[in-house]
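*Asks:* Below is the structure I would like to discuss, written out as structure tokens.
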Amino acid sequence: MTRQTRQEKIRTLVKENLLPLCTCFGVIAAIIIGIIVRASSTHRWTERQLMYLEFPGELFLRALKCLTIPLIVSSLVSALGSLDSKISGKIGKRALIYYGGTTAIAISLGIFLVLTLHPGSGKVEQATIGEAPTISRKITTPDTVLDLIRNLIPDNVVQTTFSQYATNLVAPKSMPNETDLSKWNIKSSHSNGINVLGLVTLSVVSGIFVGKLARLGRPLLLDIFNDLSEMTLQVTNQVIKATPIGVAFLILPRIIAVEDAGQLFRSVGFFTFTVILGILVHGLLILPGIYYLIVRKNPYRFVLNQGEALLTAFGTASSTATLPSSIACLEEKNKINRNVVRFVAPIGATINMDGTALYEAVAAIFIAQSREVDMDFARVLIVSITATAASVGAAGIPQAGLITMVIVLNALGLPPEDISLVFIIDWLVDRIRTPINVLGDAFGSAIVEHLSRDDLHTLEQQQQQQNQHQHQQQMNTATTKTNGANQHTLPTLVIQKPSPTNDYSNQAFDAEFDEKL
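If you count the sequence shown from 1, position 289 lands on 289 in full-length UniProt numbering, and the numbers rise without skipping.
In structure tokens:
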């Protein structure tokens, strides 16, 4: 290989990965600048100053969230409408099995690490208990499961775009000191945020019936959703170009806001190490191992191709906001089937939260250890079940796992206020676990596509045959019209010979008629 050829390859590689490289540079620059500014500042930055600094990043995040609803709806309807109902059913089953399996592995890994390393056995300081969020919502585990089902079947299509149902328990006035939540009054409420579960349900049902209409010869709706999906991705590609700047301005204020990094890691350093270790093992060993065993391809090249989406996830700390970037990387760089990606990825961004599940299992047991609660098999099993439910119910927004952790703590009989033990570090851990959530979804799309390759090949053949049949019908129709047009000749002028009158003889009449002709 000549030097010129090597330089051309490097230039091509840089050109193809320019945006991820710029994003990585933006993240590193934001961290370095943040550390320098924090070290050189003589006073604490005010909340307003941090808000001004974060404003460009906020605009970037708002743009991504704005694309979420049209992307989820159009992608699911387009994908399901283009797939045969039997094939889409098989793909859905494979995706759910993968999601359930990887979530169970993540929770088991987290429980194993936290029980082995005992990060909560030492002295845990609550240095920032005053800064922790006030948990005003009281809820039990059964209520959480029922809320998930209620959100799956929304009663208002419009409301799903901006709020989701949430049960809230209120202490009875006659017994204000009652601690048994099962005796509290049940109050219905709605929390702000997209009801992604409801949107997925509506989109799946709509996609199935739009596909049936298309197969009956009425593809207008399917064409509209296909065009809407393509348009949304085109807009997304333009928004994603601002990722380096947007991510940098999202991270920079967080770094500056940290007052005492030493105190931070003295307080929950071992807990942070346990979570990050579990996330790295799951994201760099277990998920790539599953991918390699099934697909038989280099998993780390796949991860590099998803680099842009992973860096976006790190900056935004939101699986939902990262969905447009993730879909673009899967289709354009990893060349995953379009219909599989647009079916599997939106569902994964909603229910598949490996990093969140691992974090909540570790955090719950860490808090229990700090309170010297004995973690027997029954309590560990409770953590496994509730962490799974909490990860499914966690919205794809920043620090959503911190709120759903209340479910796990309630199941263990621990006060929700103990969240303050991990709140100090949650902003950092959230940015580390979100890329694992996104990576798990991406691997899921690739694995499901590989397992469905025979079905997709059959579908492709059926579509080709259908297109050929439609083309033949159009040709036959055109030929019939042409033949019909050729049969229409000009009318022949027919001159009828009048009958002779009594004044003329037949011979004289014939002579006169011939003369006139």
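Just so you know, even glycine gets a beta-carbon here, dropped at the ideal spot from N, CA and C.
1) For the candidate residues ASN226, PHE209 and ILE367, whose alpha-carbon lies nearest to that of PRO415?
2) Do LEU311 and VAL247 have their beta-carbon atoms positioned less than 9 Å apart in this structure?
3) In chain order, what are the residue ranges of uninterrupted alpha helix (DSSP H) at least 4 long that sit wholly in the segment 142-180?
4) Which one of ARG150, LEU456, GLN461 and GLN472 has the shortest CA to CA distance from GLY89?
5) Would you identify the three-state DSSP class for THR128, choosing helix, strand or coil?
6) Could you tell me which of GLY440, THR5 and ALA104 sits nearest to SER326, measuring between CA atoms?
7) Apart from the five residues on each side of it in sequence, which residues of its chain come closer than 8 Å, Cβ to Cβ, to PHE377?
8) Is DSSP giving GLY246 helix, strand or coil here?
9) Got a sec? Which residues, its chain only, sit under 7 Å from LEU64 by beta carbon, not counting five neighbours each side?
10) Evaluate VAL157 with the Cβ neighbour count: other Cβ atoms within 10 Å of its Cβ, from every protein chain shown; 16 or more gives buried, anything less gives exposed.
11) Helix, strand or coil for LEU18 per DSSP?
12) Helix, strand or coil for SER191? Go by DSSP, reduced to three states.
13) Please state whether DSSP places ASN339 in a helix, a strand or coil.
14) What residue range does the alpha helix (DSSP H) around HIS450 cover?
15) For my contact list, GLY207 and LEU152 are in at a C-beta cut-off of 8 Å; report their separation, rounded to the angstrom.
16) Would the segment 217-237 count as touching the segment 44-60 if we require 3 or more Cβ pairs under 8 Å?
17) In angstroms, rounded to a whole number, what distance separates the CA positions of ILE245 and LYS15?
18) Please check the pair ILE97 and ILE294, which I expect to be a contact at CB under 8 Å, by giving their CB distance rounded to whole angstroms.
19) Using only the alpha-carbon positions, how far apart do ASP374 and HIS118 sit?
20) With a threshold of 16 other CB atoms inside 10 Å of the CB of TYR99, please say whether the residue is buried or exposed.
21) Could you give the distance in angstroms between the alpha-carbon of PHE343 and the alpha-carbon of GLU331?
22) Suppose the cutoff is 6 Å on Cβ atoms and the five residues either side in sequence are ignored; what does the same chain contact list for THR386 look like?
23) Can you pull the DSSP bridge partners for ILE186?
24) Report the rounded CA-to-CA distance for ASN17 versus LEU61, giving the unit in angstroms.
25) For GLY348, collect the residues of the same chain with a Cβ closer than 6 Å to its Cβ; drop the 5 residues on either side in sequence, then sort them by chain order.
26) Between the C-alpha atoms of GLN472 and GLY217, what's the straight-line distance to the nearest angstrom?
27) Excluding the 5 residues preceding and the 5 following LEU109 in the sequence, name in chain order all residues of the same chain whose CB lies nearer than 8 Å to its CB.
28) For ILE255 and ILE425, I'd like the C-alpha separation in whole angstroms.
29) In whole angstroms, what separates the C-alpha of ARG48 from that of ALA30?
30) Using DSSP with H/G/I as helix, E/B as strand and the rest coil, what is HIS457?
31) Which residue from VAL275, ASN298 and LYS241 puts its Cα closest to that of GLU360?
32) Cutting at 7 Å between CB atoms, please list the residues of its own chain near SER74, excluding the five before and the five after it.
33) Shortest alpha-carbon distance to SER452 belongs to which of ILE35, LEU83 and TYR300?
34) Report the three-state DSSP secondary structure of VAL258 (helix, strand or coil).
35) What residue ranges within the segment 350-407 form continuous alpha helix (DSSP H) runs of no fewer than 4 residues, ordered along the chain?
36) Of all the CB atoms in chain D, is at least one closer than 9 Å to the CB of ILE432?
*Replies:* To lay it out plainly:
1) Ranked by Cα distance from PRO415, the first of ASN226, PHE209 and ILE367 is ILE367.
2) yes
3) List check, alpha helix (DSSP H) in window: nothing returned.
4) LEU456
5) Residue confidence for THR128 is low, a pLDDT of 43 falling below 50, so the modelled location carries little weight and cannot support an answer.
6) GLY440
7) none
8) helix
9) VAL239, THR316, ALA321 and PRO324
10) exposed
11) helix
12) strand
13) helix
14) 420-451
15) That pair is no contact at about 16 Å.
16) no
17) 18 Å
18) Not a contact, Cβ separation roughly 12 Å.
19) 12 Å
20) It counts as buried.
21) 12 Å
22) THR141, ILE407, VAL408 and ALA411
23) LEU169
24) 22 Å
25) Around GLY348: ASP441 and GLY444.
26) 15 Å
27) GLY278, VAL281, HIS282, ILE286 and LEU358
28) Computed Cα separation, rounded: 12 Å.
29) 19 Å
30) helix
31) When VAL275, ASN298 and LYS241 are compared, the shortest CA-CA separation from GLU360 is found for VAL275.
32) PHE225, LEU228, SER229 and THR232
33) LEU83
34) coil
35) With a minimum length of 4 residues, the continuous alpha helix (DSSP H) runs that stay inside the segment 350-407 are 354-370 and 377-393.
36) The structure shown contains no chain D; it holds only a single protein chain.
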